Amino acid sequence: MPIKTTVETLPPFPGGGDVDIAPLETIDLARLLVRDPAEVTKLLKACIKHGFFYLDLQTSDVGRKIMKDEQEVLRFMETYFAQSLEKKMLDDRQSFLHGFKPVGTFTGAKSDYKDCYETLKVARAEMLEKSRKLPEDVKRAIELFESFMTGSHSINFTLLECLSDALGLIGANRFEESHRDGQETNTCLVMLHYPKSEGDQNLGHNKHTDIGSITLLFSEQWGLQVFAPETQTWKFIQPRPHGHATINVGDSLRFLSGKKLNSCVHRVIPPTGDSQLEDRYSIAYFLRPENDIRYEDADGKKVSAAQWHDDKYIMFGTEYDKQERSTMLTGGMEMILGKA
Ligand SMILES: O=C(O)CCC(=O)C(=O)O
Ligand SMILES: [Fe+2]
Numbered sequence: 001m002p003i004k005t006t007v008e009t010l011p012p013f014p015g016g017g018d019v020d021i022a023p024l025e026t027i028d029l030a031r032l033l034v035r036d037p038a039e040v041t042k043l044l045k046a047c048i049k050h051g052f053f054y055l056d057l058q059t060s061d062v063g064r065k066i067m068k069d070e071q072e073v074l075r076f077m078e079t080y081f082a083q084s085l086e087k088k089m090l091d092d093r094q095s096f097l098h099g100f101k102p103v104g105t106f107t108g109a110k111s112d113y114k115d116c117y118e119t120l121k122v123a124r125a126e127m128l129e130k131s132r133k134l135p136e137d138v139k140r141a142i143e144l145f146e147s148f149m150t151g152s153h154s155i156n157f158t159l160l161e162c163l164s165d166a167l168g169l170i171g172a173n174r175f176e177e178s179h180r181d182g183q184e185t186n187t188c189l190v191m192l193h194y195p196k197s198e199g200d201q202n203l204g205h206n207k208h209t210d211i212g213s214i215t216l217l218f219s220e221q222w223g224l225q226v227f228a229p230e231t232q233t234w235k236f237i238q239p240r241p242h243g244h245a246t247i248n249v250g251d252s253l254r255f256l257s258g259k260k261l262n263s264c265v266h267r268v269i270p271p272t273g274d275s276q277l278e279d280r281y282s283i284a285y286f287l288r289p290e291n292d293i294r295y296e297d298a299d300g301k302k303v304s305a306a307q308w309h310d311d312k313y314i315m316f317g318t319e320y321d322k323q324e325r326s327t328m329l330t331g332g333m334e335m336i337l338g339k340a
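Numbering follows UniProt numbering, in which position 264 of the sequence shown is assigned residue number 264; successive positions increment by one, without gaps.
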């Protein structure tokens, strides 16, 4: 019997008082796997309206397997990130796609702050070829990473196929055709750690839309917020551990859909205010299109997926006021949703 997530078992809000929670839809993976027409329509609606939803993983084998792997990846992360900065910096490849990134590389969740998270990235291509360049700790747990990333990829691909069906796309216009196996891509796994910290100049993860097509996100802890157009305020996403992933549409899928699908503007801030009172961990699998695929960006300019990826990462590190003057950070969504 699958364990069902109930409201009673969900983690309470650590900030105390009332919390404004984003009303996200829940989509059932098992129903999508059999292409249940009502569930496929529900998926499309969620991707048009908010571009953010929960995916129930409890009802299918692939879902239950990924939940099990996720627990092991979290244990891996606790051990990995507990190492000294000096040791982790050995995995820094000065890359947006591979290896370690220290805290403070990008702008933070408020002006004058830098980000408050470190990451370890594993690109799908390097995992598939079991590259010698992979971080040593990842190599030692290669079976886990292979299983987790294969499962994540197949779940995201199911979503992609269902969205192509729902939009009636055929032939080369189907989304799968811009995400073909064997083509160069920036698809990757990112493990994020927000270290416990108090009163310094680092805060959360600045507002943004995701670069790629579909993000499969796991976090058991509070901190993730979405900008709600109906109230023009930030709302927290209720973490739903042991049962659900959070999915969001990224810029690339929005652009590939001719801007029919929407992506959500989101950020991470400590639920207790200005300081991160506990270590927070999250895991994101970013499905991205082939590097050579071209689409029209938020300003109507033709750009390749690889260029959008690199330019957006550069924007993540650019000063606040320059970010505010560009449509890049939020993929043009602020023109639709309102300014976050
Ligand atoms: O840490 C999180 O929950 C979200 C991270 C995120 O939005 C991202 O890495 O794009
Ligand atoms: Fe994100």
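All residues carry an ideal CB built from backbone N, CA and C; glycine is no exception. These figures come from a predicted structure and were not determined experimentally.
The beta-bridge partner set that DSSP reports for MET67 is empty.
For VAL303, the enclosing beta strand (DSSP E) starts and ends at 302-304. With 16 or more neighbouring CB atoms inside 10 Å of its own CB, MET149 falls in the buried class.
For ALA284, the shortest C-beta to heavy atom distance toward ligand 1 is below 6 Å.
Cα atoms of ALA125 and THR187: separation of roughly 8 Å, rounded to the nearest angstrom.
Check the Cα spacing between SER252 and each of SER131, MET335, ASP297 and MET315: the tightest is with ASP297. By the criterion of a C-beta distance shorter than 6 Å, GLY15 is surrounded in its chain by PRO271 and THR272, once the five residues flanking it on both sides are discounted.
Scanning ASN206, ARG31, ASP61 and PRO12 for the CA closest to the CA of ILE21 turns up PRO12. Shown here, GLY99 sits in a strand according to DSSP, grouped into three states.
Looking from the CA of GLN201, the closest CA among PHE106, ALA172 and LYS260 belongs to PHE106.
Taking C-beta separations shorter than 6 Å and ignoring five residues to either side along the sequence, the partners of ASP91 in its chain run GLY99, PHE100 and PRO135, following chain order. CA-to-CA, the gap between ASP165 and ILE293 works out to about 20 Å.
Out of TYR285, ILE237, PHE286 and ILE269, the CA that lies nearest to the CA of GLU278 is found in ILE269. Taking C-alpha positions only, GLY104 is separated from LYS114 by approximately 5 Å. Burial is judged here by how many other beta carbons sit within 10 angstroms of a residue's own beta carbon; ARG75 has fewer than 16 and is exposed. Counting C-beta pairs with one atom in each stretch, the stretch 283-291 and the stretch 213-231 have three or more that are closer than 8 Å, which means they touch.
In chain order, VAL122 and PHE145 place their CB closer than 7 Å to the CB of VAL138, counting only its own chain and leaving out the 5 sequence neighbours on each side. In this structure, the beta-carbon distance from TYR295 to LEU261 does not fall below 7 Å.
Pairing ALA38 with ILE27, the inter-Cα distance amounts to about 10 Å. Counting only runs of 4 or more residues that sit fully inside the stretch 197-263, the alpha helix (DSSP H) segments are 251-256, in chain order. Straight-line measurement puts the Cα of MET315 at about 16 Å from the Cα of GLN94.
Judged by DSSP in its simplified three-state form, ARG174 adopts coil rather than helix or strand.
Excluding five sequence positions before and after SER263, the CB atoms of its chain that fall closer than 7 Å to its own CB belong to GLY51, THR209, ASP210, ASN248, VAL249, GLY250, ASP251, ARG254, GLY331 and MET333, given in chain order. DSSP places ASP56 within a strand segment (E or B) once states are collapsed to three.
Here TYR194 really is in contact with GLN276; their C-beta atoms are around 5 Å apart, less than 8 Å. At least one heavy atom of ligand 1 lies closer than 6 Å to the C-beta of ASP210.
At a cut-off of 4 residues, the continuous stretches assigned as alpha helix (DSSP H) that sit fully inside the stretch 275-338 are 305-316, 320-325 and 334-337. Placement of the Cβ of VAL249 at a distance of 6 Å or more from every heavy atom of ligand 1 is found. DSSP places LEU128 in the helix class (H, G or I) of the three-state scheme.
Cβ-Cβ separation between SER213 and HIS179: approximately 7 Å, consistent with a contact (criterion under 8 Å). For LEU192, the CB falls within less than 6 Å of some heavy atom of ligand 1.
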